[in-house]
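The structure appears right after this line, and notes come after that.
Residue numbers (our numbering): 6 to 107.
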């Protein structure tokens with residue numbers, strides 16, 4: 006059962022089974038991620054590794070996510086601080102993105 010964890014200024018973050026849901030809209034193409042990204046399966050019961058840390062988040066990766074209709078990916082709860090640093094470092098681009106409602 007997911008529970009409300011933090012409000013990060015982009016969307017609610019929820020913790021679920023040691024993983025935290027993060028909005029796809031917070032991820033910026035051309036940035037290097039300091040955390041692994043997990044994609045939920047169709048059943049929602051399991052998550053599979055989508056993108057490893059230390060790799061560029063590419064336009065192709067974003068398109069694959071958009072095509073699947075997924076609005077949030079997951080990170081390990083232990084990577085939460087790294088995700089918050091990532092959002093802070095990319096905050097100007099996130100705030101300037103007209104597709105994100107804040």
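The beta-carbon is built from N, C-alpha and C at its ideal position, and this holds for glycine as well.
In this model, residue 87 and residue 81 are separated by some 10 Å (Cα to Cα). When secondary structure is reduced to three states using DSSP, residue 97 falls in the helix class. Closest in alpha carbon position to residue 54, among 73, 44, 62, is 44.
Scanning its chain for C-beta atoms nearer than 8 Å, with the 5 sequence neighbours on each side dropped, one finds around residue 59 the residues 37, 38, 39, in chain order. Taking a C-beta distance under 8 Å as the contact criterion, residue 52 and residue 24 qualify as a contact pair.
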